[in-house]
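Novice: Following my numbering, the numbering of the sequence shown begins with 157 at its first residue and continues without gaps.
Dumping the structure here so I can ask a few things about it.
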Amino acid sequence: MKKIVCIVLAVFIYAHTAFGYGSVQYDDFNEYKSKYRILYGALLLIGGTLLAYDGFRTIQVDISRPSVNMNFSSFWYKNLGANKYVINMSGAIVNTGNVDLQNVNVWIRYKTVAQDGSPSSYYVPSDQGKMIKYDGNPTGSPLANLSAGETKGLSDVTEYDTFAPGQSKNPPAGSEANSSNPDENVYHEQYPSATPTTLVDVVKIDYEYKKRYKDEMNNAYEGILGLLLVAGGTYLLIDYVISMKKFDYYMKKNNMSLYVENTFDEFKLMLSKRL
């Protein structure tokens, strides 16, 4: 700021000194100086100011990163007395994001094996899947809140009739759990995962959240470009002022020159005189 004030004061001082010589004859000095410099300088100054303002202004950037992970186990068995397949799933959901989540709802469906032995199809309790139960919540009710870093248990038990006594129709995918060995044919899986699941398919996870914002500079490069344009426009305007006929004539008659020098990290307004 001090450098800018010094430059402005220097311009006024030199200009005042130059115009004080009104009695000098100027007819012998007819060099033409383009008056378009003042237009170019004004355009650069205005455009650079706008760019600098837009580049250095503070904006709000959305830094919300909502995400969840799930770890779950599942198995199935036949309940021959009730002629049902029973599928059991349990696990936990973890808020791995940086925002609290509200109204969390996980939709799942179970993979089955088609009667003709074709690749797995799906047993879907509804068009979009089935809501699961969270610890402390009633069945089918979304989870009201899941804070960042919080873990909540989840579970589901599904029964369905698709076979007659003695004839199996469309059983769940995978193998039936062994009652004599409870750990056999229990599938441990996670979401998200690049590996397809065996029995449980997570259709989607719905949630709501309040966005988090951070104040940041809009574009530093745009702001620097604006400052360069301002410097160029200022140079053209100063050059136009000091090249006016009386001032320029006086400077040339006295072997003096006024110029702007770039010294890497700053601009200097220099005055030189030939002795």
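Where is the CB? At the ideal position from N, CA and C, for every residue including glycine.
In this text, all values refer to a predicted model and were calculated from it rather than measured experimentally.
#1: For T390, write down the residues that DSSP places opposite it in a beta bridge.
#2: Determine the burial state of K159: buried for a count of at least 16 other Cβ atoms within 10 Å of its Cβ, exposed for fewer.
#3: Applying the criterion that 16 or more other CB atoms from any shown protein chain within 10 Å of the CB defines a buried residue, is N410 buried or exposed?
#4: Does DSSP put S413 in a helix, a strand or coil?
#5: Can you tell me whether DSSP reads V255 as helix, strand or coil?
#6: May I have the straight-line CA-CA distance separating A387 from L201, to the nearest angstrom?
#7: What does a CB cutoff of less than 8 Å around S229 pick up in its chain, not counting 5 residues either side in sequence?
#8: Mind checking I215: buried by the 16 CB within 10 Å criterion, or exposed?
#9: A198 lies in the alpha helix (DSSP H); which residues open and close that run?
#10: Any idea what DSSP makes of L385, helix, strand or coil?
#11: What does V262 pair with, by DSSP beta-bridge criteria?
#12: Beta-carbon of G292 versus every beta-carbon of chain C: anything under 8 Å?
#13: Answer yes or no: do N225 and V255 have a C-beta to C-beta separation smaller than 8 Å?
#14: Classify T351 as buried or exposed, calling it buried when 16 or more other Cβ atoms lie within 10 Å of its own Cβ.
#15: Using the Cα positions of N235 and G309, report the straight-line distance between them to the nearest angstrom.
#16: What are the boundary residues of the beta strand (DSSP E) that includes K370?
#17: Quick one: Cα of D210 to Cα of L385, how far?
#18: According to the Cβ coordinates, are W232 and P338 closer than 8 Å?
#19: How long is the line joining the alpha carbons of G197 and Y369, rounded to whole angstroms?
#20: For V359 and G237, what's the separation of their Cα atoms in angstroms?
#21: Per DSSP, G309 is paired with what?
#22: Measuring alpha carbon to alpha carbon, tell me which of L393, S331, Y365 ends up nearest T268.
#23: Along the beta strand (DSSP E) that carries V224, what are the first and last residues, could you check?
#24: For I169, is the classification buried or exposed, using 16 other Cβ atoms within 10 angstroms of its Cβ as the cut-off for buried?
#25: Just to confirm the assignment, what range does the beta strand (DSSP E) spanning L302 have?
#26: By alpha-carbon positions, which one of N239, A300, K240, N374 ends up nearest to V262?
#27: Compare the Cα-Cα distances from S223 to each of T252, R213, G203, F212 and report the closest residue.
Specialist: Reading from the atomic positions:
#1: Its beta-bridge partners do not exist; DSSP assigns none.
#2: Since pLDDT at K159 reaches only 41, below the 50 mark, its modelled position is unreliable, and no value is offered.
#3: exposed
#4: strand
#5: coil
#6: 8 Å
#7: M245, S246, G247, V342, Y343, H344, E345
#8: exposed
#9: 192-212
#10: helix
#11: I361
#12: Protein chain content of the structure displayed is limited to a single chain, and chain C is not contained in it.
#13: no
#14: exposed
#15: 26 Å
#16: 369-373
#17: 14 Å
#18: no
#19: 39 Å
#20: 31 Å
#21: A248
#22: S331
#23: 224-235
#24: Confidence is the limiting factor: at I169 the pLDDT is only 38, short of 50, which leaves the residue's position unreliable, though a coordinate-based value still follows. I169 comes out exposed.
#25: 299-302
#26: A300
#27: T252
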